[in-house]
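J.: Numbering (the UniProt record's numbering), first residue to last: 1 to 611.
Ideal Cβ positions, reconstructed from N, Cα and C, are used throughout, including at glycine.
#1: Could you pull out every residue in the same chain whose Cβ sits closer than 6 Å to the Cβ of residue 424, ignoring the five residues on either side in sequence?
#2: Given residue 482, which residues of its chain have a CB within under 6 Å of its CB, disregarding the five upstream and five downstream residues?
#3: Pop quiz: residue 300 and residue 268 are said to be a contact at Cβ under 8 Å. What is the actual Cβ separation, rounded to whole angstroms?
#4: Under a Cβ-count criterion, where at least 16 other Cβ atoms within 10 Å of its own Cβ denotes burial, should residue 552 be classed as buried or exposed?
#5: Check whether the Cβ atoms of residue 408 and residue 443 lie closer than 7 Å to each other.
#6: Just to confirm before moving on: does the CB-CB distance between residue 575 and residue 603 stay below 7 Å?
#7: What residue does the alpha helix (DSSP H) around residue 603 start on, and which one ends it?
#8: Note down, in chain order, each residue of its chain lying with its Cβ closer than 6 Å to the Cβ of residue 357, except the 5 sequence neighbours on either side.
#9: Give me the residue from 380, 64, 196 and 127 with the minimum Cα distance to residue 182.
#10: Please give the ranges of any alpha helix (DSSP H) in the segment 226–291, keeping only runs that are unbroken, at least 4 residues long and fully inside the region.
#11: So which of 281, 295 and 287 has the shortest CA-CA distance to residue 273?
#12: Can you give the Cα-Cα distance for residue 134 and residue 172, rounded to whole angstroms?
#13: When the Cα of residue 485 is compared with those of 179, 472, 474 and 499, which residue comes out closest?
#14: Kindly identify the DSSP beta-bridge partner or partners of residue 294.
#15: The alpha helix (DSSP H) with residue 178 in it runs from where to where?
#16: Distance, Cα to Cα, residue 13 vs residue 44?
#17: Please give me, in chain order, every unbroken run of the alpha helix (DSSP H) with length at least 4 that falls completely inside the segment 88–140.
#18: The ligand FAD and residue 531: does any heavy atom of the ligand fall closer than 6 Å to the residue's C-beta?
#19: How about the segment 201–209 and the segment 219–239: do they share at least three Cβ pairs that are nearer than 8 Å?
#20: Got a sec? Which residues, its chain only, sit under 6 Å from residue 93 by beta carbon, not counting five neighbours each side?
#21: Going along the chain, which residues of its own chain have a beta-carbon closer than 7 Å to the beta-carbon of residue 342, five neighbours each way excluded?
#22: Does residue 608 pass the burial test, meaning 16 or more other C-beta atoms within 10 Å, or should it be called exposed?
#23: Check residue 325 in the structure and name its three-state DSSP category.
#24: Since residue 432 is in the alpha helix (DSSP H), which residue starts that stretch and which ends it?
#25: Around the Cβ of residue 276, are there at least 16 other Cβ atoms within 10 angstroms (buried) or fewer (exposed)?
#26: In three-state DSSP terms, what is residue 475?
#27: Pick helix, strand or coil for residue 213, following the three-state DSSP scheme.
#28: Considering just the uninterrupted stretch of the alpha helix (DSSP H) at residue 63, what are its terminal residues?
#29: Since residue 531 sits in a beta bridge, which residues does DSSP pair it with?
#30: Taking the C-alpha atoms as reference points, what is the distance between residue 333 and residue 475?
#31: At which residues does the alpha helix (DSSP H) containing residue 407 begin and terminate?
#32: Just to confirm the assignment, what range does the beta strand (DSSP E) spanning residue 80 have?
#33: What did DSSP end up calling residue 159 once you bin it into helix, strand or coil?
#34: Whole angstroms are fine: how far does the CA of residue 561 sit from the CA of residue 590?
#35: Where residue 595 and residue 450 are concerned, what is the direct C-alpha to C-alpha distance, given to the nearest angstrom?
#36: Given 8 Å as the limit, is there contact between the segment 303–316 and the segment 285–292, that is, 3 or more CB pairs closer than that?
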C-alpha cells in the first residue's frame with residue numbers, strides 16, 4: 001500500500017518510482033514466479049509545443065532551467081534549447097492543447113512565441129483502439145486488459161495488458177515498438193515495458209547459503225555457458241536472492257527444479273519436541289551442516305554438502321536416542337491427580353526445569369511426563385508417594401452433596417461452572433485448557449461422557465492473550481488437518497497459507513498471497529489456466545506413475561486412507577487404524593466408521609477378530 005500511494009509522485013522536482021519485491025525474513029524461504037506475460041504501454045495525452053525566442057543564449061538557458069518540469073495548467077512542461085537557433089530559442093513541450101498564446105507569453109516571459117501543430121486524438125477511445133489492434137495480431141490472445149490510467153501531471157496514459165504466454169507478449173511488443181498509430185495522434189508509444197521472458201526467484205537465509213555454498217557454486221558453473229539462460233545469486237542484508245531467467249521455458253523449468261532441490265535441503269528421519277536450538281548450533285559448528293527445526297510439521301531439515309549432512313544425521317540420531325531414553329511417562333492414580341495439579345507439577349518444574357515436566361489431565365487416566373534420567377525419576381517417585389499419603393487426609397467428595405471436579409476427582413475448590421452444569425476447580429480447568437492438544441475441547445464431566453464443547457469465553461477468561469492466541473492457532477491447525485475435503489495447505493514448500501478446496505469439477509486457479517504461486521483448488525496441482533483438471537491430468541499422463549506407486553505401496557504394506565487419501569502403514573497392533581484426519585478405519589476392508597467402538601463391533605463378525 002505504501003508503494004501504491006507514493007508511486008509517481010513529485011519529490012524535489014523528480015518522480016518517485018517503486019518496485020515491490022518479495023522478502024521473507026532472515027530464517028524464512030519464499031518462492032515467487034514473476035509475471036512475465038504482461039506488457040505495459042504508455043502513450044502521451046494530446047498536447048501542443050511552443051517555440052519561444054529570447055534576446056540571447058544566456059536568457060534562453062536561464063529560462064530552460066527555470067521552466068523545465070514546472071507544472072502549468074496541471075501539466076508538467078519539458079524544455080530544451082532548439083537546435084540551429086544559435087541558442088536563443090527554447091522548445092517547450094507537453095502543454096495541454098487548450099492553452100492559448102497569451103497564456104504562454106505570460107508564462108515564458110517573452111512575446112515571441114510560435115505555436116506548433118497540436119497532437120490530438122479521442123482520448124476516450126484510444127484504449128479501445130489499442131485493444132482492437134492487439135486483438136488483430138495473429139496468434140495473440142488477451143487474457144486481461146486493465147483500465148487505462150491517466151497521469152495528469154505527466155500528461156500520459158498507461159495500461160497493462162496480460163497475455164497467455166511470454167511469446168505472445170513479445171510478439172505484441174515487436175508489432176508496437178517504434179510504430180506510429182493514428183489512434184494516439186500518429187505517434188509512437190512513449191514507453192513499452194516487456195518483462196524478461198521467464199523469471200523465478202527464491203530467497204534463502206545467509207547461514208543456509210554459506211552451508212550450501214559449494215552446491216550453489218557448482219550450479220553456477222554449469223549454467224555459465226548456456227545461451228538464453230541466466231542464474232544469479234546476490235546477497236541482500238541477511239538473505240541471498242537466487243534468480244533464474246531465460247527465454248526457453250523448458251530450460252528454465254529444469255534449472256528451477258535444481259534450484260528448488262538445493263534450497264529445500266534434506267529432511268532427516270525422526271523427531272523429538274525437546275530438540276533445542278543449542279543442539280542445532282553445536283551440529284553446525286561440528287559438521288558445517290545447518291539444521292532447521294519445523295515444529296509445526298515436527299521435522300528437521302539439513303542443509304549442506306553430502307558429507308556434512310551425513311555427519312549431522314548421525315549426531316541427530318544419537319541425540320534422539322538420548323532424549324527418548326530420558327523421557328518417562330507415568331500414569332497417575334485417581335487420588336494423585338489433585339495433588340499434582342495443585343502442588344506436584346510446580347515442584348517438578350522447579351527441580352527439573354519448566355520444559356522437563358508435563359502433566360496431561362485431558363488423557364484418561366491422567367499422566368506425568370518427565371525428562372532427565374534417573375535423578376528425575378527419583379524426584380517423581382518421591383512426589384508420587386507424597387501424593388498417595390496426602391490423599392489419605394484430604395476429604396473426598398461423596399454423600400455430602402458437594403460437587404466433584406471431573407479432573408482431580410476431589411471436592412471442587414474455587415468452582416468454575418460450565419454451561420452444561422459441571423463444575424471444575426479453577427486450577428484444574430486452567431491447566432486443562434493450557435495443556436490441551438485434542439480439539440474441540442469438551443467437558444469431561446460424568447466420567448468423561450458429557451462431551452459438551454467448552455465455549456471460547458471460558459478460554460479467554462483463563463488464558464493470557466498470547467496463550468489464547470496459541471491455543472486458537474493449534475485448534476485451527478487441528479481443524480485443517482481434520483477437514484482435508486475442505487482445506488489444503490499451499491503446495492509451495494514452507495508456505496503456511498491455506499486455501500479452500502473447490503468441490504466442483506471445474507478448475508479454479510487461485511494465487512497464493514505469500515509465495516505468489518498458482519494452484520488449482522479443484523485438483524490441487526499447479527495452476528493450469530486454459531485446461532480443465534481432466535485435460536491437465538491427461539496431459540501429464542499420471543496413470544503409469546499412479547500404477548507404479550500403487551504397486552509399490554501394495555508390496556510394502558501401505559494403504560490409502562479412504563477419507564483423505566494419505567498413505568498409511570500398519571506397523572503393529574490390531575486392525576483398528578485412526579488416520580490424522582480423524583477417520584476410524586478397519587485395516588482389513590478399509591471401511592470408515594464414526595468411532596473406535598464401531599470398528600471393533602464390525603471386525604469380529606466380519607473378519608473373525610481384530611488382529
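T.: Answer, in terms of the structure:
#1: Indexing the chain shown from 1 puts residue 424 at position 424. Answer for residue 424: 405 and 416, listed in chain order.
#2: Within the chain shown, the letter at position 482 stands for residue 482. Excluding residues up to 5 positions away in sequence, 581 and 582 lie with their Cβ nearer than 6 Å to the Cβ of residue 482 in the same chain.
#3: Residue numbering aside, residue 300 sits at position 300 when the chain shown is read from its first letter. Residue numbering aside, residue 268 sits at position 268 when the chain shown is read from its first letter. Going by Cβ atoms, the distance from residue 300 to residue 268 rounds to 5 Å, so yes, they are a contact pair.
#4: Locating residue 552 in the chain shown gives position 552, counting from the first residue. So residue 552 counts as exposed.
#5: In the chain shown, residue 408 corresponds to position 408, counting from 1. In the chain shown, residue 443 corresponds to position 443, counting from 1. No; because the gap between Cβ atoms is not below 7 Å, this pair is not in contact.
#6: Along the chain shown, one-based indexing puts residue 575 at 575. Along the chain shown, one-based indexing puts residue 603 at 603. Against a cut-off of 7 Å, the Cβ pair of residue 603 and residue 575 comes out as a contact.
#7: Locating residue 603 in the chain shown gives position 603, where the first residue counts as 1. Taken as a continuous stretch (DSSP letters only), the alpha helix (DSSP H) holding residue 603 covers 596–607.
#8: Walking along the chain shown from the start, residue 357 turns up at place 357. These residues qualify, in order along the chain: 348, 349 and 370.
#9: In the chain shown, residue 182 corresponds to position 182, counting from 1. Ranking the options by Cα distance to residue 182, first place goes to 127.
#10: 249–264 and 277–287
#11: For this step, residue 273 is matched to residue 273 along the chain shown. Residue 273 has its Cα closest to that of 295, out of 281, 295 and 287.
#12: For the purposes of this step, residue 134 is identified with residue 134 of the chain shown, where counting begins at 1. For the purposes of this step, residue 172 is identified with residue 172 of the chain shown, where counting begins at 1. In a straight line, the C-alpha of residue 134 is about 7 Å away from that of residue 172.
#13: Locating residue 485 in the chain shown gives position 485, counting from the first residue. Of the candidates 179, 472, 474 and 499, the one whose C-alpha sits nearest the C-alpha of residue 485 is 499.
#14: Here residue 294 is taken as the residue at index 294 of the chain shown, counted from 1. DSSP lists 299 as the bridge partner or partners of residue 294.
#15: As a first step, residue 178 must be located in the chain shown, where it is residue number 178. Note, residue 178: premise wrong, no alpha helix (DSSP H); not H, not E.
#16: Within the chain shown, the letter at position 13 stands for residue 13. Within the chain shown, the letter at position 44 stands for residue 44. Because residue 13 sits at a pLDDT of 49, beneath the cut-off of 50, its placement in the model cannot be relied upon, and the point is left open.
#17: 101–108 and 126–135
#18: Looking for the ligand FAD in the displayed structure turns up nothing, as the structure carries no ligands at all.
#19: yes
#20: Here residue 93 corresponds to residue number 93 of the chain shown, with the count starting at 1. These residues qualify, in order along the chain: 49 and 78.
#21: As a working mapping, residue 342 is identified with position 342 in the chain shown. Excluding sequence neighbours, residue 342 sits near 427.
#22: Within the chain shown, residue 608 is the residue found at index 608, counting from 1. With fewer than 16 other Cβ atoms within 10 Å, it is exposed.
#23: Indexing the chain shown from 1 puts residue 325 at position 325. Helix, per DSSP.
#24: As a first step, residue 432 is located in the chain shown; it is residue number 432 there, counting from the start. That run of the alpha helix (DSSP H) goes 426–434.
#25: Against the chain shown, residue 276 aligns to sequence position 276. When all chains shown are included, residue 276 counts as exposed.
#26: In the chain shown, the residue the question calls residue 475 occupies position 475. Correct three-state label for residue 475: helix.
#27: Your numbering for residue 213 matches position 213 in the chain shown. Of the three classes helix, strand and coil, the one that applies to residue 213 here is helix, per DSSP.
#28: In the chain shown, residue 63 corresponds to position 63, counting from 1. Start and end: 57–67.
#29: Indexing the chain shown from 1 puts residue 531 at position 531. According to DSSP, residue 531 shares a beta bridge with no other residue.
#30: For the purposes of this step, residue 333 is taken as the residue at position 333 of the chain shown. For the purposes of this step, residue 475 is taken as the residue at position 475 of the chain shown. Roughly 29 Å between the two C-alpha positions.
#31: Counting from 1 along the chain shown, the entry for residue 407 is found at position 407. Taken as a continuous stretch (DSSP letters only), residue 407 belongs to no alpha helix (DSSP H), as it is neither H nor E.
#32: Position 80 of the chain shown, counted from the start, is the residue given in the question as residue 80. Start and end: 78–81.
#33: Along the chain shown, read from residue 1 onward, the residue named residue 159 stands at position 159. Residue 159 falls in the strand class under three-state DSSP.
#34: One-based indexing of the chain shown puts residue 590 at position 590. One-based indexing of the chain shown puts residue 561 at position 561. C-alpha separation (whole angstroms): 8 Å.
#35: As a first step, residue 595 is located in the chain shown; it is residue number 595 there, counting from the start. As a first step, residue 450 is located in the chain shown; it is residue number 450 there, counting from the start. Taking the straight line joining both Cα atoms gives about 16 Å.
#36: Yes: the two stretches touch, three or more of their Cβ pairs being nearer than 8 Å.
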